[in-house]
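For reference, the structure discussed in these notes is given below.
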Amino acid sequence: MTNLMSRNDLLLFAGFTLVVLTMPIWLAPFGAGYPDLLQRFMIFGIFAVGFNILFGLTGYLSFGHAAFFGVGSYAAVWSFKLLTLDAIPAILFAVIISGLFALVIGYLCLRRSGIYFSILTLAFAQMSYNLAYSVLTPITNGETGLQLTLNDPRSLDAVLGQSVAGQPVPNLLGQPLSGYAGFYFCAGFLILAFFLAQRIAGSPFGMMLKAIKSNQTRMQFTGFNTRPYALSAFVISGMYAGLAGALLAVTDPLAGAERMQWTASGEVVLMTILGGVGTLIGPVIGAWLIKYFENILSALNDQILARFWSFLPDGAADTMVAITGKFVGDGWFLTLGLVFVIVVIFLPGGIMEGVRRIAGMFRRRSGSSPATRTQPAE
Amino acid sequence: MTNPNVVLHVADVHKRFGGLHALADIDLQVEEGKTHAIIGPNGAGKSTLLNVIIGKLAPSSGQVVFDGAVLTGRKPFQINQLGIARVFQTPEIFADLSVLHNVMIPALAKRDGMFKLNMLRALDSETGIRAEAEDMLEDVGMLARRDMLAGSLSRGDKRRMELAMCLIQHPRLLLLDEPTAGMSRHDTNTTIELLQKIKARGMTKVIIEHDMHVVFSLADKISVLAQGRIIADGSPDEVRGNPKVQEAYLGGTH
Ligand SMILES: Nc1ncnc2c1ncn2[C@@H]1O[C@H](COP(=O)(O)OP(=O)(O)O)[C@@H](O)[C@H]1O
Ligand SMILES: [Mg+2]
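As you go down the protein sequences, you meet chains A and B in turn.
Quick note on numbering: full-length UniProt numbering labels position 51 of the first sequence as 51, and the sequence is numbered without any gaps.
Quick note on numbering: full-length UniProt numbering labels position 15 of the second sequence as 15, and the sequence is numbered without any gaps.
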């Protein structure tokens with residue numbers, strides 16, 4: 001194992017696995033220890049880890065990754081409808097389809113770099129959204145969204161003589177995936193996704209991605225064809241997005257076009273930047289924080305706020321309710337935007353930079369050797 | 001005119017930038033294993049000539065032939081894979097990566113070719129490439145700085161590292177665009193020694209240099225460029241005595 005991973009990587013991976021698997025315990029005091037939310041933590045963690053391979057390692061900022069997430073969801077639901085309610089074939093199918101979709105879109109978008117690349121990805125994703133919403137209704141069921149019905153063919157299940165009573169729900173080898181089973185199922189995939197991302201980042205291929213981000217010109221004069229490297233990163237991150245989309249369909253087998261909208265693409269960008277672009281763990285933390293606060297803040301409404309501010313005199317309480325009311329419920333995006341602006345201005349490296357700064361302060365206080373003062377790489 | 005020892009032939013190359021005739025009718029032949037210096041005042045077109053050779057710029061007309069292969073029309077990475085490496089006038093390095101990684105990357109390009117999807121192998125297990133990179137850094141006197149970020153190096157060290165990045169590929173042709181600019185006298189001398197050492201190994205070099213001390217201690221042949229034209233070429237002694245060269249360097253450029 002040592003020649004596969006360095007000691008530090010191994011420790012990070014072990015720590016990450018432990019933290020994820022014990023989440024139902026340590027998140028309970030924060031009111032977040034229930035399966036439905038935990039599943040979303042896992043799913044968007046996968047989405048962000050994959051996105052970071054393209055944005056963080058390779059330096060290409062895609063504003064259209066929700067398209068691959070959405071394609072993953074649709075593909076998974078179609079697998080449930082046509083083949084079987086088992087989750088594994090649905091996930092494999094979704095990852096392959098979103099990978100192929102990413103291959104085509106990536107091939108076209110990577111003809112440009114920088115801002116033009118970003119705009120191209122945004123344009124393609126919005127096209128996908130509009131197609132899913134209207135033109136492709138036979139495949140996507142348009143506005144209503146694609147869902148499971150009792151009369152779906154499910155040919156594989158039919159051959160095996162499995163039938164369902166009541167509303168069909170995805171399963172794993174016949175076992176239901178509701179509640180904590182669903183969480184551990186998704187957690188397994190997040191751990192696997194993290195492991196692969198770690199391996200990619202520590203491989204010669206990962207080094208080439210970092211080198212492309214650092215100086216594309218030098219890469220070309222060094223004998224590398226940068227296009228297939230960037231395209232590989234694009235497809236890999238598209239497959240991660242497809243996996244995340246498929247898992248969302250496993251936990252809630254309904255795929256709608258809004259999953260592909262630009263706000264969903266923007267959200268994964270925010271997660272990555274908030275946590276720390278280019279770090280392995282940062283994007284996962286960013287995803288968890290955003291999903292956590294979204295869960296809390298979007299559930300608040302004026303009645304709850306009125307109770308919260310009720311200790312103030314009437315006039316003042318009303319004013320506070322009016323002001324804070326703008327930042328909760330549907331206004332939660334306003335809070336998100338504000339937090340994002342603050343992070344980008346004061347902590348451009350995201351939360352991970354904050355962690356590094358604090359760790360650095362402690363190290364300095366405990367006395368430093370001159371060797372640690374020269375600027376180390378990474 | 002066909003000399004079998006010629007490995008690089010720049011044939012009748014013109015390069016125009018709008019109205020500016022940056023390279024006019026350049027014909028340059030570089031012999032295998034020799035060091036060919038190109039000198040000339042600022043703006044003469046020296047860097048432009050290297051850009052045409054490595055495929056950064058397409059010539060307006062004419063072509064470049066390297067060891068029987070026409071380079072014109074090929075992509076920069078293909079030209080590098082044929083065995084041509086370049087040190088730039090302003091260092092082109094991976095500023096966000098460590099010095100060691102900067103030198104390992106070109107070694108991987110040499111070994112693995114222009115693309116390889118080796119993503120499940122650990123970079124740490126590339127001990128051969130790593131040892132090679134460390135030897136190379138030792139040669140240029142930068143082993144002690146291997147873990148520093150390349151972007152935080154001094155200008156002179158960046159150039160030396162870039163030289164190591166080129167040398168580790170064991171190119172058949174090395175192009176150097178003012179490799180000692182921005183270096184102290186001491187570093188310049190170290191670099192000359194290093195370049196003389198490579199010369200002994202038989203690597204062909206084209207070097208652009210302002211420092212006449214460097215030129216005359218390294219070059220087998222010198223071409224003088226002024227306003228996009230080669231106004232003289234020959235052995236160092238021939239060029240030194242050429243009145244046209246004196247004129248170009250003393251500012252009488254018309
Ligand atoms: N990409 C370019 N576009 C337009 N003009 C250029 C370009 N590159 C170089 N030039 C012009 O060509 C001339 C030669 O430049 P250069 O080859 O850099 O000279 P040297 O390296 O000999 O100092 C200069 O006048 C320069 O301004
Ligand atoms: Mg120049």
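We put the beta carbon where it would ideally sit given N, CA and C, even for glycine.
Values in this document were obtained by computation on a predicted structure and should not be read as measured data.
Exercise. Does any CB atom of chain B fall closer than 8 angstroms to the CB of Gly360 of chain A?
Worked result: no
Exercise. Mapping DSSP to helix, strand and coil, what is Asn295 of chain A?
Worked result: helix
Problem set entry | Closer than 7 angstroms to ligand 2: residues, by C-beta to nearest heavy atom, in chain order | B:Lys46, B:Ser47, B:Gln89, B:Asp177, B:Glu178, B:Ile208
Problem set entry | Separation of Gly141 of chain B from Arg373 of chain A, as counted between CA atoms | Unreliable positioning characterises Arg373 of chain A in this predicted model, as indicated by a pLDDT of 40, which lies under 50. A coordinate reading is not provided.
For this session: State yes or no: is the C-beta of Ala181 of chain B nearer than 7 angstroms to some heavy atom of ligand 1?
Result: no
Exercise. Does the beta-carbon distance from residue 385 of chain A to Phe16 of chain A come in below 8 angstroms?
Worked result: Coverage of chain A is limited to positions 1 through 378, which leaves residue 385 of chain A absent and any answer about it impossible.
Exercise. Within the present structure, is the beta-carbon of Phe17 of chain B separated from the nearest heavy atom of ligand 1 by less than 7 angstroms?
Worked result: yes
For this session: Mind checking which residues open and close the alpha helix (DSSP H) that includes Ser98 of chain A?
Result: 87-109
Problem set entry | Proximal residues, the region 97-115 of chain B versus chain A, C-beta separation under 9 angstroms | Leu97, Ser98, Val99, Leu100, His101, Asn102, Met104, Ile105, Pro106, Leu108, Ala109, Lys110, Asp112, Gly113, Met114, Phe115
For this session: In the DSSP assignment, find the beta strand (DSSP E) that holds Glu138 of chain B and state where it starts and stops.
Result: Run containing Glu138 of chain B: none in the beta strand (DSSP E); it sits in the alpha helix (DSSP H), 127-139.
Problem set entry | Assigned exposure category for Asn5 of chain B - 16 Cβ within 10 Å defines buried | exposed
Problem set entry | Simplified DSSP state of Arg16 of chain B, which is helix, strand or coil | strand
For this session: From the DSSP output, read off the bridge partner residues of residue 258 of chain B.
Result: Here chain B covers residues 1 to 254 and nothing more, so residue 258 of chain B does not appear.
For this session: Anything in the region 72-88 of chain B with a Cβ closer than 7 angstroms to a Cβ of chain A? List those residues in chain order, please.
Result: Pro76, Phe77, Asn80, Gln81, Arg86
Exercise. Under a three-way DSSP split, which group does Pro138 of chain A fall into?
Worked result: helix
Exercise. When the Cα atoms are used, what is the spatial distance from Arg365 of chain A to Phe293 of chain A?
Worked result: 34 angstroms
Problem set entry | Pairwise C-alpha distance: Ser237 of chain A and Ile281 of chain A | 16 angstroms
Problem set entry | Minimum C-alpha distance to Arg121 of chain B - residue among A:Gln126, A:Arg199, A:Ala94 | A:Arg199
For this session: Express the C-alpha separation of Ile296 of chain A and Asp318 of chain A in angstroms, rounding to a whole number.
Result: 21 angstroms
Exercise. Any Cβ of chain A within less than 8 angstroms of the Cβ of Met119 of chain B?
Worked result: yes
Exercise. Grouping DSSP H, G and I as helix and E and B as strand, with all else coil, what is Val328 of chain A?
Worked result: coil
Exercise. In whole angstroms, what separates the C-alpha of Tyr34 of chain A from that of Ala164 of chain B?
Worked result: 56 angstroms
Exercise. Do Gly245 of chain A and Gly72 of chain A come within 8 angstroms of each other at the CB atom, strictly closer than that value?
Worked result: yes
Exercise. Which same chain residues, not among the five before or five after Ala187 of chain A, have their C-beta less than 7 angstroms away from its C-beta?
Worked result: Val20, Leu21, Met42
Exercise. Under the criterion of a Cβ to heavy atom distance below 7 angstroms, does Leu148 of chain A qualify as lining ligand 1?
Worked result: no
Exercise. In its own chain, which residues sit with a C-beta less than 8 angstroms from the C-beta of Met1 of chain A, not counting the 5 before and 5 after it?
Worked result: For Met1 of chain A, the predicted model reports a pLDDT of 42, less than 50, meaning its position is unreliable and no value from the coordinates is stated.
Exercise. Can we count Leu28 of chain B as close to ligand 1, meaning its CB is less than 7 angstroms from some heavy atom?
Worked result: no
Problem set entry | Distance cut-off 7 angstroms: Asn42 of chain B Cβ against heavy atoms of ligand 1 | yes
Exercise. What are the boundary residues of the beta strand (DSSP E) that includes Gly62 of chain B?
Worked result: 61-66
Exercise. With 16 as the cutoff for other CB atoms within 10 Å, does Arg218 of chain A come out buried or exposed?
Worked result: buried
For this session: List the endpoints of the continuous alpha helix (DSSP H) containing residue 266 of chain B.
Result: With chain B represented from 1 up to 254, any question about residue 266 of chain B goes unanswered, as that position is not in the structure.
Problem set entry | Where His9 of chain B falls, given that 16 or more other Cβ within 10 Å makes a residue buried | buried
Exercise. To the nearest angstrom, how far is it from the Cα of Arg16 of chain B to the Cα of Pro59 of chain B?
Worked result: 8 angstroms
For this session: Consult DSSP for Arg363 of chain A and reduce its assignment to one of helix, strand or coil.
Result: helix
Problem set entry | Sub-8 angstroms separation of Ala94 of chain A and Ala67 of chain A beta-carbons | no
Exercise. Which chain B residues are close to Lys326 of chain A, counting only those with a beta carbon under 7 angstroms from its beta carbon?
Worked result: Result: empty, since nearest Cβ-Cβ is about 40 angstroms, beyond 7 angstroms.
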